[in-house]
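Structure first, then comments.
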Amino acid sequence: MDPHGYEHLTPAEAIAYQNQLRQKINICELTTPIKTIAGADISFDKNSDILYAGIVVFRYPDMQVITTATAISHTSFPYISGLLAFREVPALFNAWNNLYSKPDILVLDGQGIAHERRMGIATHFGLLTGVPTIGSAKSRLYGKYIEPADKLFAESPMYDNNELVGIALRSKPRCKPIYISPGHNINMQQSVDVIKNCIRGYRIPEPTRQAHLLVNKIRIENGDNRTKQMGLFD
DNA sequence: GCGACAG
DNA sequence: ATCTTGTCGC
């Protein structure tokens, strides 16, 4: 299904589609070398249906920025926990198609398989494009775990019963952990290792961190800030 | 019925 | 996610 058709789906239909897609998920060792890595993120104005998507590509593992791509899209699919992909993937896909050369792997702001149906946004985007993906979330959606030690790179497994679905990673001391899970075409261990290599002193790994800065910048540049502007007319 | 709930 | 300055803690 073309992602541009997502906005016409009902929540029930979106869930049915996730159950269809999950059968194609591939969690296994990535054997091709990683020479480039990218981060993707979305920004939007509180009371608007416009999404600002951005992708930043880096050379790996030195993390020097190579290029970026953005896209401004409209959406009508609301944010529903567990169905985030149906709201953000269309915009991210547009930004992706604006990239001249694709990265070897992509990090998304959200879950991979650490999801009730194993269909977090990173997994969804990986299945759509075929690119290996990793989910790096700032908060937990699914999976039980114990708090990792307050030490850099301390890890704690996240489970769905006996199934390992993610890793809570302390990316920075005295900060809440981040939640890592493979999206598609890569395994759990490699996902965590890659993210560790992308930590540069901040809680958020560089790919996603830079993508976040980029999308916020283009949102402001486009003046999509009705809250402030409306105040001028009161 | 109650608690949880990516961005 | 976004709205927002200063402020408590390491």
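The working numbering numbers the first residue of the first sequence as 1036 and each following residue consecutively. Heads up, the beta-carbon is just placed ideally off N, CA and C, and yes, glycines get one too. Note that the structure is predicted; figures quoted are calculated from it, not measured.
For residue i and residue j, I'd like the C-alpha separation in whole angstroms.
{"i": "aspartate 1084", "j": "glycine 1165", "result": "28 Å"}
{"i": "asparagine 1196", "j": "alanine 1149", "result": "12 Å"}
{"i": "glutamine 1055", "j": "leucine 1162", "result": "11 Å"}
{"i": "valine 1092", "j": "threonine 1045", "result": "34 Å"}
{"i": "phenylalanine 1268", "j": "lysine 1059", "result": "Since pLDDT at phenylalanine 1268 reaches only 38, below the 50 mark, its modelled position is unreliable, and the value read off the structure follows with that caveat. Their Cα atoms are separated by approximately 52 Å."}
{"i": "serine 1078", "j": "tyrosine 1214", "result": "20 Å"}
{"i": "alanine 1126", "j": "lysine 1252", "result": "16 Å"}
{"i": "tyrosine 1194", "j": "isoleucine 1181", "result": "10 Å"}
{"i": "alanine 1246", "j": "threonine 1102", "result": "11 Å"}
{"i": "tyrosine 1052", "j": "arginine 1153", "result": "12 Å"}
{"i": "glutamate 1048", "j": "isoleucine 1072", "result": "33 Å"}
{"i": "phenylalanine 1121", "j": "proline 1192", "result": "27 Å"}
{"i": "proline 1038", "j": "serine 1174", "result": "25 Å"}
{"i": "serine 1171", "j": "asparagine 1082", "result": "26 Å"}
Could you check if residue i is buried or exposed, using at least 16 other CB atoms within 10 Å of its CB as the buried criterion?
{"i": "glycine 1258", "result": "exposed"}
{"i": "isoleucine 1115", "result": "exposed"}
{"i": "proline 990", "result": "There is no way to answer for residue 990, as the model of the chain reaches only from 1036 to 1269."}
{"i": "valine 1227", "result": "buried"}
{"i": "glycine 1178", "result": "buried"}
{"i": "leucine 1187", "result": "exposed"}
{"i": "glycine 1155", "result": "buried"}
{"i": "serine 1136", "result": "exposed"}
{"i": "valine 1255", "result": "Looking at the sequence itself, residue 1255 is isoleucine, so the reference to valine does not match. With fewer than 16 Cβ atoms within 10 Å of its Cβ, isoleucine 1255 is classed as exposed."}
{"i": "threonine 1262", "result": "With a pLDDT of only 47 at threonine 1262, under 50, the local geometry of the prediction cannot be trusted, and no value is derived from it."}
{"i": "threonine 1270", "result": "Absent from the structure is residue 1270, since the part of the chain shown begins at 1036 and ends at 1269."}
Among the residues of its own chain, which have a CB less than 6 Å from the CB of residue i, if the five just before and after it don't count?
{"i": "isoleucine 1069", "result": "Tyr1095, Asp1139, Ile1140"}
{"i": "serine 1206", "result": "Ile1213, Ile1234, Arg1238"}
Going along the chain, which residues of its own chain have a beta-carbon closer than 8 Å to the beta-carbon of residue i, five neighbours each way excluded?
{"i": "asparagine 1061", "result": "His1219, Asn1220"}
{"i": "valine 1250", "result": "Asp1076, Ile1077, Ser1078, Tyr1087, Ala1088, Gly1089, Thr1105"}
{"i": "isoleucine 1169", "result": "Ile1140, Leu1141, Val1142, Leu1143, Gly1147, Ala1157, Ile1215, Ser1216, Pro1217, Gly1218, Ile1221, Ser1226, Val1229, Ile1230"}
{"i": "proline 1167", "result": "Leu1065, Asp1139, Ile1140, Leu1141, Gly1161, Gly1218, His1219, Asn1220, Ile1221"}
{"i": "glutamate 1241", "result": "Gly1074, Phe1093, Met1098, Cys1233, Ile1234, Arg1235"}
What did DSSP end up calling residue i once you bin it into helix, strand or coil?
{"i": "threonine 1110", "result": "coil"}
{"i": "lysine 1252", "result": "helix"}
{"i": "arginine 1094", "result": "strand"}
{"i": "glycine 1040", "result": "helix"}
{"i": "aspartate 1269", "result": "Because the pLDDT of aspartate 1269 is 41, which lies under 50, any placement of that residue in the model is unreliable, and the number read from its coordinates should be weighed accordingly. Residue state, collapsed to three classes: coil."}
{"i": "alanine 1120", "result": "helix"}
{"i": "threonine 1243", "result": "helix"}
{"i": "serine 1206", "result": "coil"}
{"i": "phenylalanine 1079", "result": "strand"}
Look up residue i in the DSSP assignment and give the residues it is bridged to.
{"i": "alanine 1073", "result": "Val1092, Leu1141"}
{"i": "leucine 1199", "result": "Tyr1194"}
{"i": "glycine 1165", "result": "DSSP, once it has assigned bridges, lists no residue as partnering glycine 1165."}
{"i": "threonine 1102", "result": "Val1092"}
{"i": "alanine 1172", "result": "Tyr1214"}
In its own chain, which residues sit with a C-beta less than 7 Å from the C-beta of residue i, not counting the 5 before and 5 after it?
{"i": "cysteine 1063", "result": "Asn1222"}
{"i": "histidine 1109", "result": "Asp1084, Ile1085"}
{"i": "leucine 1119", "result": "Gly1145, Ile1156"}
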